[in-house]
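First comes the structure, then the notes that go with it.
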Amino acid sequence: MEQEMLLWVRGTGLQIAAAVFVVGMVYRMLHLLLLGRKMSLAQPRGSEWSGGLRTMWRRSFVSTKLSARGNFTVIAGFIFHIGFFVTLFFLGQHIALFRAVLGLHWPALPRGVIDISAVLAIGAMVALLVHRFVDPVKRLLSDYQDYLTWALSFLPLLTGFMLLRKIGFDYITLLTLHIASVEMLLVAAPFTKLAHMFSTFISRWYNGAVNGFKGINI
Amino acid sequence: MKEHETLEQRLHEQGISRRSFLKFCAAMATMMALPPGSASAIAATLAKVNRPSVIWLSFQECTGCTESLTRSHSPALESLIFDMISLDYHHTLQAASGFAAEQSREDAMKEFHGKYLLLVDGSIPIKDGGVYSTIAGRTNLDMLLEAAKGAAAIVAVGSCAAFGGLPNAQPNPTGAVAVSDLIKDKPIINISGCPPIPAVITGVLAHYLTFGALPALDDRGRPKAFYGETIHDRCYRRPFYDQGKFAKTFDDEGARNGWCLYELGCKGPTTHNACATTKWNGGTSFPIESGHGCIGCSEPKFWDAGSFYAPLPAPTADVASVAKAAAAIGAGAAVAFSALDRAKKNKVQQSREKLTVDDLKGE
């Protein structure tokens, strides 16, 4: 049975997940962009583009003194995102997947580095979840979607790490679970706050462009 | 019908020494991971046991399984299998042909009803009444059902008999199925592989003769002693996998240094078999040792699990085309709904009544 399930998640399951992800994401992002903005009749005092692009870059660096989010959330958030991306894009097995689907490939990082990035990402996610429970404000602000998206992002990391380190189950079961968890993430992404993987740059550009138009240089 | 004398007598007649026989028993006990001292118990039992009648049915197959067994290195311990059993029917090996051959099978089935071992290699086509493979005018399906009735146990030799194998691969034009898909009321042991390791067949038979029961099986009906671990678990190239050192082509520096063949399509991590430990051709090597990845031949659906040269993470279906079509659909839907939104907005704006001075005067 497990071979058939692995075959399904590598074939039909992946096709379904990719179809839902791409339809949903392209629809949501394009729909957002096509909403457009009312043309401003004011005399522009600066460039929308330079302001937009600058803010896309600058928002990557949050001043913890100026942010209401606090040191912990910002630092743990950074560690998670960096660990997640390093693991996703620089593990040899993942590059083999990108090569098979997109035809693009690049050098992998050594396995020791990937182990560290994965552990950092997993640790940061656990810390963020605990903080969400412990911090009264965060707890009040959290709804089911916060926990759902946490689980959807956490499971691929966890199953992937278990697979590489041969923890718990056998290879076939873990590989099936790993691919299935990624497929769940792909299916849910366009319809949850996980859509920020694309929309975050659009909204940053928008904020920057508004300021750029007014000649505000931040 | 020839006399079914004991194994010891038979070996003595052939001039095989007791020393060779004990070596064989020790090898079997070791391979099957039996406790120390089992070798002498196996020897004592096998020496006395009456050679059981074995009927070997070959269906949709390529005879590779028989080749694997009979062409093992010489003098092979595995070849002793033919001294342990009385092979009463086997297409390739029997001297009789035509009606005489079929008669020999029927005689054995009658005389040893309920006691004979049934070995099957090849899948069974069931589409259109099973007409796609017949022997002596009878369908494989018919012959299997008849022979299974009087069998003490059934051994499905090779991936075709165990899981449907190659004939069962998409689109499966003959409706090929495994033995276990058709027979539900007999103990079945699957010895998968394309072909299976000869020592595994011998080991299972030795176990059956010694203990009178089939060995412990996994959830696929395969003996755990041989299929309990994956090729990857016991692969001598495993350290390179753990270090992330992969050969990129079959002749690059990595390949020459013996790095892991994962990216060249090795299915070792998802394949349960004993190749990495038992090896082939008298312990010479196994495919990965010869520089080629494992193709996963001892697992169900191995033929449909994507290219042998595509790495495990690669999708087994065309994902890129699906994604392109999905992007077009998503973009089309976004443009259409945006146009609808805009039309609705314009309509609302146009239907809005303008406030006039008269309205303000009111009453």
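As they're listed, the protein sequences go chains Z and W. For the first sequence, our numbering begins at 799 and goes up steadily by one. For the second sequence, our numbering begins at 1023 and goes up steadily by one. Glycine residues also receive a C-beta, built at the ideal position from the N, C-alpha and C atoms. This structure is a prediction, so every number in the text was calculated from the model and none was measured.
Do we get a CB-CB distance below 8 Å when we pair T1271(W) with the residues of chain Z?
-> Translated into the one-based positions of the second sequence, residue 1271(W) becomes position 249. Not one chain Z Cβ lies under 8 Å of T1271(W).
In terms of alpha-carbon separation, which member of D1326(W), S1373(W), A1358(W) lies closest to R808(Z)?
-> Counting from one through the first sequence, the residue named residue 808(Z) turns up at place 10. Taking the Cα of R808(Z) as reference, the smallest distance to any Cα among D1326(W), S1373(W), A1358(W) is reached at D1326(W).
Enumerate in chain order the residues of its own chain whose CB-to-CB distance from C1047(W) is below 7 Å, with the five nearest sequence positions on each side excluded.
-> Indexing the second sequence from 1 puts residue 1047(W) at position 25. Cβ within range, chain order: A1061, I1064, A1065, L1068.
Considering only residues of the same chain and omitting the five flanking positions on each side of M1023(W), which have a CB-CB separation below 7 Å?
-> Position 1 of the second sequence, counted from the start, is the residue given in the question as residue 1023(W). Low per-residue confidence applies at M1023(W): pLDDT is 40, beneath 50, and the placement is therefore not dependable enough to give any value.
Mind checking K1383(W): buried by the 16 CB within 10 Å criterion, or exposed?
-> In the second sequence, counting from the first residue as 1, residue 1383(W) sits at position 361. Answer is exposed; the Cβ neighbour count stays below 16.
Would DSSP call C1257(W) helix, strand or coil?
-> As a position in the second sequence, residue 1257(W) is number 235, starting the count at 1. C1257(W) falls in the coil class under three-state DSSP.
Helix, strand or coil for P1097(W), going by three-state DSSP, please let me know.
-> Walking along the second sequence from the start, residue 1097(W) turns up at place 75. Its pLDDT being 48, under 50, P1097(W) is placed unreliably by the model, and nothing is read from it.
Rounded to the nearest angstrom, how far is the Cβ of A1336(W) from that of A815(Z), given a contact under 8 Å?
-> Walking along the second sequence from the start, residue 1336(W) turns up at place 314. Walking along the first sequence from the start, residue 815(Z) turns up at place 17. Taking 8 Å as the upper bound for CB-CB distance, A1336(W) and A815(Z) are not in contact here, some 15 Å apart.
Could you tell me which uninterrupted beta strand (DSSP E) segments, each at least 3 residues in length, are contained entirely in the segment 1214-1300 of chain W, listed from first to last along the chain?
-> None, since the segment 1214-1300 of chain W contains no complete beta strand (DSSP E) of that length.
Output yes or no for whether 8 Å exceeds the beta carbon distance between S1145(W) and C1084(W).
-> Counting from 1 along the second sequence, the entry for residue 1145(W) is found at position 123. Counting from 1 along the second sequence, the entry for residue 1084(W) is found at position 62. It is not a contact, given that the beta carbons lie outside the stated cut-off.
With 8 Å set as the bound, which would you pick, yes or no: does the beta-carbon of E1275(W) sit closer than that to a beta-carbon of chain Z?
-> Indexing the second sequence from 1 puts residue 1275(W) at position 253. Taking Cβ atoms only, chain Z never reaches closer than 8 Å to E1275(W), which makes this a no.
On the premise that V1076(W) lies in contact with S1108(W), defined as a C-beta separation below 8 Å, what is that separation, rounded to the nearest angstrom?
-> In the second sequence, the residue the question calls residue 1108(W) occupies position 86. In the second sequence, the residue the question calls residue 1076(W) occupies position 54. About 6 Å; that satisfies the 8 Å criterion.
Counting only beta-carbon atoms, is F1248(W) nearer than 8 Å to chain Z?
-> The residue given as residue 1248(W) occupies position 226 in the second sequence. Using a CB distance cut-off of 8 Å, F1248(W) does not count as an interface residue toward chain Z.
Quick one: measure Cβ to Cβ for Q1192(W) and P1147(W), integer angstroms, because I've assumed they're closer than 8 Å.
-> Along the second sequence, read from residue 1 onward, the residue named residue 1192(W) stands at position 170. Along the second sequence, read from residue 1 onward, the residue named residue 1147(W) stands at position 125. At roughly 15 Å, the Cβ-Cβ gap does not stay under 8 Å, so Q1192(W) and P1147(W) are not in contact.
Under 8 Å by beta carbon: chain W residues contacting P954(Z) = In the first sequence, counting from the first residue as 1, residue 954(Z) sits at position 156. Residues of chain W with a Cβ closer than 8 Å to the Cβ of P954(Z) do not exist; the shortest Cβ-Cβ separation is about 13 Å.
Express the C-alpha separation of G921(Z) and L832(Z) in angstroms, rounding to a whole number.
-> Position 34 of the first sequence, counted from the first residue, corresponds to residue 832(Z). Position 123 of the first sequence, counted from the first residue, corresponds to residue 921(Z). Going from the Cα of L832(Z) to the Cα of G921(Z) covers about 39 Å.
Is there a Cβ from chain Z that is less than 8 Å from the Cβ of S1096(W)?
-> The sequence position of residue 1096(W) within the second sequence is 74, counting from 1. Only weak support exists for where S1096(W) lies, its pLDDT of 47 falling under 50; the value from the coordinates is given anyway. Residue contact check for S1096(W) against chain Z: no CB pair falls below 8 Å.
Do you know whose CA, among L1286(W), A1198(W), W1078(W), I1211(W), lies nearest G1152(W)'s CA?
-> To locate residue 1152(W), count along the second sequence from 1; it is residue 130. Looking at the Cα atoms, A1198(W) is the closest of the given residues.
Completely contained beta strand (DSSP E) runs for the segment 1156-1220 of chain W, where each covers 3 or more residues | 1173-1179, 1210-1213
Taking the alpha carbon of L950(Z) as the point to measure from, which residue in L975(Z), Y969(Z), L961(Z) has its own alpha carbon closest?
-> Here residue 950(Z) refers to the residue found at position 152 of the first sequence. With distances taken between Cα atoms, L950(Z) lies closest to L975(Z).
Nearest candidate by alpha-carbon position, reference S767(Z), set F959(Z), R835(Z), V932(Z), L984(Z) = Only positions 799 to 1016 of chain Z appear in the structure, and residue 767(Z) is not among them; the question remains open.
Measure from the C-beta of V1341(W) to each C-beta in chain Z and report whether the shortest distance is under 8 Å.
-> In the second sequence, counting from the first residue as 1, residue 1341(W) sits at position 319. With 8 Å as the cut-off, V1341(W) counts as an interface residue toward chain Z.
Pick from G1225(W), E1311(W), N1303(W): whose alpha carbon is nearest that of R1260(W)?
-> The residue given as residue 1260(W) occupies position 238 in the second sequence. Considering only alpha carbons, the answer is E1311(W).
Cβ-based contacts, 9 Å cut-off: residues of the segment 1318-1334 of chain W near chain Z | G1318, E1321, P1322, K1323, F1324, D1326, A1327, G1328, A1332, P1333, L1334
Going by the beta-carbon positions, is the gap between A1184(W) and N1162(W) smaller than 8 Å?
-> For the purposes of this step, residue 1184(W) is taken as the residue at position 162 of the second sequence. For the purposes of this step, residue 1162(W) is taken as the residue at position 140 of the second sequence. Contact flag unset, no.
Do L1236(W) and Y1230(W) have their C-beta atoms within less than 8 Å of each other?
-> Within the second sequence, numbered from 1, the residue matching residue 1236(W) stands at position 214. Within the second sequence, numbered from 1, the residue matching residue 1230(W) stands at position 208. Cβ distance < 8 Å, so L1236(W) and Y1230(W) count as in contact.
Determine the chain W residues that contact Y825(Z) at a beta-carbon separation under 7 Å, and present them in chain order.
-> For this step, residue 825(Z) is matched to residue 27 along the first sequence. Correct list: G1352, A1355, A1356.
Leaving out five residues before and five after M995(Z) in sequence, what residues of the same chain have Cβ atoms less than 7 Å from its Cβ?
-> In the first sequence, counting from the first residue as 1, residue 995(Z) sits at position 197. Same-chain partners within the cutoff: A987.
Q1372(W) - DSSP class collapsed to helix/strand/coil = Looking up residue 1372(W) in the second sequence gives position 350. DSSP places Q1372(W) within a helical segment (H, G or I) once states are collapsed to three.
From this set, G1010(Z), G834(Z), V818(Z), which residue's C-alpha is nearest K1367(W)'s C-alpha?
-> Counting from 1 along the second sequence, the entry for residue 1367(W) is found at position 345. The residue with the shortest Cα to Cα distance from K1367(W) is G834(Z).
For G1290(W) versus T1252(W), is the C-beta spacing smaller than 8 Å?
-> The residue labelled residue 1290(W) in the question sits at position 268 within the second sequence. The residue labelled residue 1252(W) in the question sits at position 230 within the second sequence. Yes, these two residues count as a Cβ contact at 8 Å.
What residues match up with W1302(W) in a beta bridge as DSSP calls it?
-> Taking the second sequence and counting its residues from 1, the one referred to as residue 1302(W) is at position 280. Answer is S1307(W).
Identified DSSP bridge partners for T1028(W) = Position 6 of the second sequence, counted from the start, is the residue given in the question as residue 1028(W). Per DSSP, N1072(W).
Tell me where the beta strand (DSSP E) around V1142(W) begins and ends.
-> Counting from one through the second sequence, the residue named residue 1142(W) turns up at place 120. Start and end: 1138-1143.
Identify the contact partners of A817(Z) in chain W, using a Cβ-Cβ distance below 8 Å as the criterion.
-> For the purposes of this step, residue 817(Z) is identified with residue 19 of the first sequence, where counting begins at 1. Residues of chain W passing the Cβ test: V1344, A1345, A1347, A1348.
P934(Z), buried or exposed, once every other Cβ within 10 Å from all chains shown has been counted against 16 | Within the first sequence, numbered from 1, the residue matching residue 934(Z) stands at position 136. Label assigned to P934(Z): exposed.
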